[in-house]
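Working notes, structure below.
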């Protein structure tokens with residue numbers, strides 16, 4: 288997806304690719320060093336007993352995994368400008384279990400002139416396959432007013 292961000296209108300909705308959170312991805316992110324003789328590390332992201340000991344009914348995927356999916360959408364939207372000054376503030380209100388699907392989304396909330404730049408503010412979230420928000424927050428980034436021209 289390539290988003291012409293300067294053409295984005297307030298209220299515009301953008302969505303990234305929906306992704307299934309698999310055991311393989313959970314182990315790769317949360318299992319620790321693969322060469323470790325104790326791999327994977329036992330924690331609430333890799334081991335049912337550890338999850339149960341933490342009061343959970345199932346293994347849950349690390350929130351940094353789907354936060355990364357959201358950041359991917361923001362990079363698609365803002366390009367290199369995201370790395371130069373993008374801001375993100377999130378909360379994770381609910382867990383995601385293995386084999387659930389997560390999709391990042393963003394809605395344009397405001398556009399402001401900021402010198403020779405346009406600052407675009409977004410509400411951002413990730414939702415699971417049932418439409419429940421598993422990550423919520425806000426993002427903003429200033430892009431050159433002449434970007435892409």
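Residue numbers (the working numbering): 288 to 436.
Beta carbons are placed, not taken as given, at the ideal position from N, Cα and C, and that holds for glycine.
If you're wondering where the values come from, they're calculated on a predicted model, not measured in any experiment.
Going by DSSP in three states, residue i sits in which element: helix, strand or coil?
i, result
"residue 446", "Residue 446 cannot be examined here, being either before or after the span of the chain that is shown, 288 to 436."
"residue 348", "coil"
"residue 316", "helix"
"residue 396", "strand"
"residue 288", "Its pLDDT being 44, under 50, residue 288 is placed unreliably in this model, and the coordinates cannot settle the point."
"residue 337", "helix"
"residue 307", "strand"
"residue 297", "coil"
"residue 359", "helix"
"residue 414", "strand"
What residue from the options has the CA that sits closest to residue i's CA?
i, options, result
"residue 300", "306, 307, 292", "292"
"residue 302", "423, 357, 316", "357"
"residue 311", "368, 364, 333, 394", "333"
"residue 425", "399, 394, 433, 405", "394"
"residue 283", "295, 294, 298, 307", "Here the chain comprises residues numbered 288 to 436, so residue 283 is not present and cannot be evaluated."
"residue 391", "328, 297, 295, 304", "304"
"residue 409", "377, 313, 323", "377"
"residue 411", "342, 403, 421", "421"
"residue 344", "352, 383, 368", "383"
"residue 417", "336, 381, 365", "381"
Does the Cβ of residue i have 16 or more other Cβ atoms within 10 Å, making it buried, or fewer, making it exposed?
i, result
"residue 361", "buried"
"residue 321", "exposed"
"residue 338", "buried"
"residue 326", "exposed"
"residue 331", "buried"
"residue 407", "buried"
"residue 399", "exposed"
"residue 317", "buried"
"residue 294", "exposed"
"residue 297", "exposed"
Output the residue ranges of the beta strand (DSSP E) runs that lie fully inside the segment 361 to 390 and measure 3 residues or longer, sorted by chain position.
With a minimum length of 3 residues, the continuous beta strand (DSSP E) runs that stay inside the segment 361 to 390 are 374 to 378.
Sufficient close CB pairs (3 or more, under 8 Å) joining the segment 384 to 400 to the segment 330 to 348:
Touching, yes, given that three or more Cβ pairs across the two stretches are closer than 8 Å.
Are the segment 373 to 381 and the segment 412 to 429 touching, with three or more C-beta to C-beta distances below 8 Å?
Cβ pair count under 8 Å is three or more, so yes.
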